[in-house]
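J.: Starting off with a structure, shown below.
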Amino acid sequence: MKMTRRSFCTGLSAASLMRPALAQGLPLLTAQETMVQLAPDSYPATPVWSYDGTIPGPALRLPQASRLERRLVNAMEVPTTIHWHGIRIDNAMDGVAGLTQDAVPPGQSFHYAFDLPDAGTYWYHAHTNSMEQVARGLSGALIVEEATPPDVDRDEVLMIDDWLIDPETGLFVDSFASPMARSHGGRIGNLVGVNGRYDYRLSARQNERLRLRLINSANAQIFGLRLEGLTGWTVALDGMPLAQPEAVTGTLVLAPAQRIDLIVDVTAEEGAAAGILFAAGDDSWQALAEITVTARAATKSRGAPAPLPPNPRMEINGVDAAPVLDMPLQGGAMRGLKNTLFNGQAMGWQELVQKGQFWALAGQAGLGEAPFTTLSRGETARIRMKNDTMFPHAMHLHGMHFRVRKEDGALGPLRDTVLVMPNETTEITFLADNPGKWLLHCHMLGHAASGMTNWIMVA
Ligand SMILES: [Cu+2]
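Sequential numbering of the sequence shown, starting at 608, is according to my numbering.
See the structure below:
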């Protein structure tokens, strides 16, 4: 058959469009609309925005010190980007639209490629209009595996989310930008689930040892969690291993974007109740993830686990000598703001409300032209966050992990997100060893979108 010029050209353009992905075998991650049954089967399915058509997106598992490469294909009708939460990453790969890259338009793609220096439990999520895109489902787990994993029988990821769904239609309640939610506690769902299931369950045998990687991917909900029929130890927070495992004795608090790695022994007998409970709004404890105990494993309970191997560069030196920068958390319902900078202009509360701004960090609503501070590479930083609002805030630093410094100078574990309660002052300290422009923002995503986002420069 004679090839016409037209068919030749068409073939060529299609082939060249496909070639980079095929030739390099570059895996794709496709942001797309799809239908998922989030509510119980007797309710309608929900149209969601997802990675690769699943809620949550595919769990990415890679070895420590390897390189993650994914081409984000935007098959949605809105621009998007991906933030790789908790990864000490190259700044250009951090995925913050308007700060580290341009948003990827519909039909376009973006090649994410970066090293994974730390083992642990991380996650990825949209960072363009995230208060809507994450609520609609754009998130997934990113697991970086230790060269020598802990001695457990199974390793399970539990991505905890809440969804605000109209039970009549199955649609997400279209109030993503609701001023009421944004100026108060944020968007809270009416259905809580794990790994896309409201009735998530596992089965296990008595005396089995499980690693449970808990990830809070909800927009604003702070989960109080309890273990039932399990004996557990916290072994890592926000991906970073604790120096010593800590026995779980009471309620675990998991704020938006935080992670807790647990090692648990199933102590319940066959048929007895076991799993994780969450504190529901009415003061009751409800099942978050049930574990069906099917039999007794051959082994007996094993006693406290060994710590996870440390990650590199976990030390922060020279903290006491470092200057303290004050970043008060301000605004919100019942407190308001005055004399706050937004888009370079000082504004009062009424004007800010009209512009959809309800919150500020150190007198600045939203991103300013200038960073909150510029740090020299290798400098030790201290930022003191006094919560002058009526609401808790889950403050997240991109690009570097920090430790909470207590008043007596003691340092807490490395984290990337810390919950600051009303009237509480939390000081964080970190080694500014990652150059670039890094967000410091509240991970209640409606708060972040209405003023509670600032940035720092490491030069
Ligand atoms: Cu907040």
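Cβ coordinates follow ideal geometry from the N, Cα and C atoms, glycine included. What you are looking at is a predicted structure, and each value in this text was computed from that prediction instead of being measured.
Do I870 and W840 have their C-beta atoms closer together than 8 Å?
T.: yes
J.: Does the pairing of the stretch 987-999 with the stretch 930-938 give three or more beta-carbon distances under 8 Å?
T.: yes
J.: Check whether the stretch 719-738 and the stretch 676-689 touch, using three or more Cβ-Cβ pairs below 8 Å as the test.
T.: yes
J.: Taking 7 Å as the line, does the beta carbon of M1051 fall inside it for any heavy atom of ligand 1?
T.: Yes, the Cβ of M1051 comes within 7 Å of a heavy atom of ligand 1.
J.: Here's a check: name, in chain order, each residue in its chain whose Cβ is nearer than 6 Å to the Cβ of D806, leaving out the five neighbours to either side.
T.: none
J.: Measure the C-alpha to C-alpha separation of F1037 and M934 and round it to an integer number of angstroms.
T.: F1037 and M934: Cα-Cα distance of roughly 15 Å.
J.: With a cut-off of 8 Å on the beta carbons, I'd call P663 and M787 a contact; round off their distance for me.
T.: Wrong, their Cβ atoms sit about 27 Å apart, outside the cutoff.
J.: Taking 7 Å as the cut-off, does the CB of M1059 come closer than this to any heavy atom belonging to ligand 1?
T.: yes
J.: Of the choices L895, S716, N924, whose alpha-carbon is the least far from that of N802?
T.: L895
J.: Please go through the stretch 758-824 and give each complete beta strand (DSSP E) segment of 3 or more residues, from N-terminal end onward.
T.: Uninterrupted beta strand (DSSP E) stretches at least 3 residues long and entirely within the stretch 758-824 occur at 761-770, 798-801, 808-813, 816-823, given in chain order.
J.: Give every residue of the same chain whose Cβ lies closer than 6 Å to the Cβ of G796, excluding the five residues on either side of it in the sequence, and list them in chain order.
T.: D769, W770, L771
J.: Count the other CB atoms within 10 Å of the CB of P757; is the residue buried (16 or more) or exposed (fewer)?
T.: buried
J.: Evaluate contact between the stretch 905-923 and the stretch 840-852, counting only Cβ atoms and requiring at least three cross-stretch pairs below 8 Å.
T.: yes
J.: Helix, strand or coil: which one does DSSP assign to Q957?
T.: helix
J.: From Y650 to F779, what does the alpha carbon distance come to, in whole angstroms?
T.: 13 Å
J.: Is the CB-CB distance between R942 and M997 below 8 Å?
T.: yes
J.: On the DSSP letters alone, give me the boundaries of the alpha helix (DSSP H) that M1051 sits inside.
T.: Neither: M1051 is in no alpha helix (DSSP H) and is coded neither H nor E.
J.: Grab the span of the beta strand (DSSP E) containing S737 for me, first residue to last.
T.: No beta strand (DSSP E) contains S737, which is instead part of the alpha helix (DSSP H) from 737-740.
J.: Is it true that the stretch 895-907 meets the stretch 853-865, where meeting means three or more beta-carbon pairs spaced less than 8 Å apart?
T.: no
J.: Using 8 Å as the Cβ pair cut-off and three pairs as the minimum, do the stretch 675-684 and the stretch 828-838 touch?
T.: no
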